[in-house]
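Colleague: Under our numbering, residues -17 to 52 are what the sequence shown spells out, in order.
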Amino acid sequence: MRVKLAALRKGMGYSQETAAEKLHISRSHYSQIESGDKTPSLDVALCIKQVFDYYSDDIFLNVNAPKQDN
């Protein structure tokens, strides 16, 4: 789950439906982005950053993603 993204959305008082409407995507697509099941396209990622007025890339970290061995 993208915890930062969910926290930003909730902090603005948006439901997933409201966030999706502002991003011009479906609620199910937004839900899949927030849950970490889908990666947003560059255009959608930039729009998310603009809508939430947050420009760091950590908004898209997926806390359930497996750690990679170096």
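Virtual Cβ for every residue (Gly too), placed ideally from N, Cα, C.
Nearest to Ala(-12) by alpha carbon, out of His6, Ile7, Gln14 and Ser8?
Modeller: Gln14
Colleague: Under 7 Å Cβ to Cβ from Glu(-1), same chain only, skipping five residues before and after it: list those, please.
Modeller: Apart from sequence neighbours up to five positions away, the residues of its chain that approach Glu(-1) with a beta-carbon distance below 7 Å are Arg9, ordered along the chain.
Colleague: Taking the alpha helix (DSSP H) that Val26 belongs to, which residues open and close that run?
Modeller: Leu24 to Val33
Colleague: Counting C-beta neighbours from all protein chains within 10 Å, is the total for Tyr37 16 or more, i.e. buried, or is it exposed?
Modeller: exposed
Colleague: Quick one: give me the first and last residue of the alpha helix (DSSP H) that His11 is part of.
Modeller: Arg9 to Ser17
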